[in-house]
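Please read the structure below before turning to the comments.
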Amino acid sequence: MFELPAGALEGENVECGWLTVPEEHANPNGPTIRLAVAIIKSADPKPAPDPLVMLQGGPGGSAIDTFMSVLFPLSGNSPLRRNRDIVLFEQRGTLYSEPALTCPEILKLTEDTIERRLTVTEANRLALEAYNDCLRRLEDEGVNIAAFDSVENANDIEALRVALGYDQINLYGVSYGTLLALHAMRQNPDGLRAVILDSVAPPDLNFIPEVPRTMQRAFDELFRACADDTECNRAYPNLEEEFYKLVNRLNQEPIQIPITDLETGAKYDALLDGNGLINLTFQLMYATEAIPALPKMITDLRDTGRSELLRVFWPLLAFDRTFAGGMYNATICAEDSDFTAADFNLDGVREEVRAANEGSAEYFAALCRAWNVPALPASVDEPVVSDIPTLIINGRFDPITPPAFGERAARTLSRSFVVTIPTGGHGAALTGECAADILYAFLDNPTAQPDTGCLADAVTFYTPRTIVMTPVLWRWLTDPGPLDFAIWAVLALSVFFLLTPLTVYPLSFLIRQLGQKNAQPQPVRERLGRWFARALMILSGVLAAVFILSVLAFAFRTLLDSQFLLIHGLPRTAVPLFIIPPLLIVFSVVLLVCAVLAWRDRGWGIPGRLYFALLTLALIAYLAALAPLGWLWIWT
239 MFELPAGALE GENVECGWLT VPEEHANPNG PTIRLAVAII KSADPKPAPD
289 PLVMLQGGPG GSAIDTFMSV LFPLSGNSPL RRNRDIVLFE QRGTLYSEPA
339 LTCPEILKLT EDTIERRLTV TEANRLALEA YNDCLRRLED EGVNIAAFDS
389 VENANDIEAL RVALGYDQIN LYGVSYGTLL ALHAMRQNPD GLRAVILDSV
439 APPDLNFIPE VPRTMQRAFD ELFRACADDT ECNRAYPNLE EEFYKLVNRL
489 NQEPIQIPIT DLETGAKYDA LLDGNGLINL TFQLMYATEA IPALPKMITD
539 LRDTGRSELL RVFWPLLAFD RTFAGGMYNA TICAEDSDFT AADFNLDGVR
589 EEVRAANEGS AEYFAALCRA WNVPALPASV DEPVVSDIPT LIINGRFDPI
639 TPPAFGERAA RTLSRSFVVT IPTGGHGAAL TGECAADILY AFLDNPTAQP
689 DTGCLADAVT FYTPRTIVMT PVLWRWLTDP GPLDFAIWAV LALSVFFLLT
739 PLTVYPLSFL IRQLGQKNAQ PQPVRERLGR WFARALMILS GVLAAVFILS
789 VLAFAFRTLL DSQFLLIHGL PRTAVPLFII PPLLIVFSVV LLVCAVLAWR
839 DRGWGIPGRL YFALLTLALI AYLAALAPLG WLWIWT
């Protein structure tokens, strides 16, 4: 059905199955839909009786694909599994449900056009054509598009609770999942113990006309945060002005960014214009962990036309095969198609942001006319009134559901608590142990305001003063080139050779002692000189090995904690390591002098002189391999 991540073992800590529900709950004897279900066992052998059911956003996102990686991270320990089972189910129409309303036609369009420059109008037209092709294919396959809406989706949650035999469940929803959870609170409140709404989409507010303003608000927050941070402002002065200058420059002269489709291996020179930069920055602000890297991304693009962040994450956005675009269209058109271009409030929106959103109203109107799903009743657009304990979590930098949306929903939820994460983007409740602690404190006692004292006050942006800037490590892990392999070969061979004195010198000492019982004693100064040179060579070899192994250990630890950070470098705690290369430069100069003097000292012997000279050359080769990595003088 689906591939489990490392650490997830079916039958041990994961149970998988299917839930069969009516296509239309009002017609229980009619056609049915199958929804994939995964129950993630708690780390506690005696979990609480009320599980946490997690609802993914989109609409059209895969809960299993998304949340499995959160619950079974590379580090192997998720705080979310501490004392409750977690239930994931694929909403109707999503990746592992049957039928799945995915639209590979959109992926094909991306592959065909990602290297071309399209106007916003042309891009909208081609997307509309591709989605309409998807619609015709789904209808030919017998899919009842009208059955995929939020009301039916919310009733599936109640069917899941009943099928699994739970008296009550806790709901976590993110993005569209919050809208779905709010519908569930209205339709089936008795089965809900507590609800967590992360990045809220309130039903009484149509988010589509709000997009230009929420996008502008998020950009403003980013630029303000950088300007207010001493290190960020020093490293990236006038970031707001520079960003919009770059947008306008790229609209005049687009650039190509090399990216790779990780699933197929296909390589593209993706075209980036100013509108594309606006949209990619908007998408990256969804990810809380990406926000510290955005000022550097903008500056790198301005100065060099390159960005490791875009090279890594643009393919994940462009070639996403997990998203069910057909489910998105059916659900949104049933619920939120009742708007006009006049509903787009562009007050305070810069011209650059307006241009990137040009034609949105016309595009959605044309799309919903083509998909022609029945509109949900007007009652679904009313605020949800409930006394179910509810935790509302906002992210300061959320580009699509700003904190004001969560505060709006809280007005009619009488037992709600609102928490805004100062460093958060979209879906901020699932980023870090602090947010998980807040989430679980609420679940353990949903009538008490959770303690938020662990939250960071502000974003720590990536600057030369806050991290060790060395992006080569990420390239080594993901896309090494011939030069990288050559560097690795030189480093590995030179370190191996530099460590041989640990055995060669002790053995040669023993051999000399055994063979020179009657030899004439040599001057103390010469003997001390030889001991010093050999000791310094051994120390150099050990330091060379320690440096490389420690850098790799830091890289592995960073990979487990934050891929976004490793794309750019290492934590600041790695700085002391980078004292070693300049120290080895000093050692190499001294050892070169020693190698020259060794040829005037007969006590070395010919083999000893040659061996020492080769060791010195190995150390120089090691340092030469570090030079193109920028590691010789990286510390400040």
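Under our numbering, think of the first position of the sequence shown as 239, with each following residue one higher. For each residue, glycine too, the CB sits at the ideal point set by N, CA and C. Model, not experiment: these values are computed from the prediction.
- Counted as a single uninterrupted DSSP element, the stretch harbouring R649 is not any beta strand (DSSP E), since DSSP gives it neither H nor E.
- The C-beta separation of R549 from P496 comes to about 7 Å, placing the pair in contact by the 8 Å criterion.
- In this structure, G331 lies near G564, with their beta-carbon atoms less than 9 Å apart.
- Note on geometry: alpha-carbon atoms of S598 and A862 lie some 54 Å from one another.
- Annotation: the continuous beta strand (DSSP E) that includes G807 extends over 807-809.
- According to the DSSP assignment, P260 belongs to the beta strand (DSSP E) that extends over 252-260.
- Contact between the segment 292-303 and the segment 402-419 is present, with at least three C-beta pairs closer than 8 Å.
- Under the Cβ criterion (8 Å, minimum of three pairs), the segment 295-313 does not count as touching the segment 259-270.
- Excluding residues up to 5 positions away in sequence, C672, D675 lie with their Cβ nearer than 7 Å to the Cβ of C692 in the same chain.
- Judged by DSSP in its simplified three-state form, T357 adopts coil rather than helix or strand.
- Residue pairing by DSSP puts F327 in a beta bridge opposite V275.
- Runs of the beta strand (DSSP E) spanning 3 or more residues and lying entirely within the segment 683-721 occur at 705-707, in chain order.
- Burial is judged here by how many other beta carbons sit within 10 angstroms of a residue's own beta carbon; S437 has at least 16 and is buried.
- Considering only L333, T304, V657, P627, the residue with the shortest C-alpha distance to R634 is V657.
- Distance from the Cα of V834 is smallest, within the candidate group Y849, L821, P820, for Y849.
- With respect to the 9 Å criterion, P492 and L477 are not classified as neighbours on the basis of their beta carbons.
- Note: S598 is not bridge-paired with any residue in the DSSP secondary-structure output.
- Distance check between A572 and each of N595, N444, L584 places N444 closest, using alpha-carbon atoms only.
- When secondary structure is reduced to three states using DSSP, L629 falls in the strand class.
- The alpha-carbon of N391 is positioned some 12 Å away from that of T416.
- Looking at L822, I817, R795, the one whose alpha-carbon comes closest to that of P809 is R795.
- Minimum Cα-Cα distance from F577 among the listed residues Y601, R399, A274 corresponds to Y601.
- Per the C-alpha coordinates, the member of Y678, T698, F699, V697 positioned closest to T690 is Y678.
- Annotation for V828: no beta strand (DSSP E) segment contains it, though the alpha helix (DSSP H) segment containing it runs 818-836.
- Closest in C-alpha terms to A525, from the list D507, L555, G512, comes L555.
- Look at the beta carbons and you see the segment 420-432 not touching the segment 659-673: under three pairs across the two are nearer than 8 Å.
- C-alpha of Y414 to C-alpha of D467: approximately 33 Å in a straight line.
- With respect to E328, S300 sits close: the two C-beta atoms are nearer than 9 Å.
- Here D581 really is in contact with P447; their C-beta atoms are around 4 Å apart, less than 8 Å.
- If you compare the alpha carbons of I278, A568, A694, V449 with that of V611, the shortest gap goes to A568.
- Closest in C-alpha terms to G663, from the list E367, I383, E459, K284, comes E459.
- In the DSSP assignment, A463 falls within the alpha helix (DSSP H) that extends over 449-466.
- Of all C-beta pairs linking the segment 312-327 to the segment 469-485, fewer than three are shorter than 8 Å, placing the two stretches out of contact.
- Burial check for I302: the Cβ neighbour count within 10 Å reaches 16 or more, so the residue is buried.
- If you look at N408, you'll find it in the beta strand (DSSP E) that goes 407-413.
- For I786, the three-state secondary structure derived from DSSP is helix.
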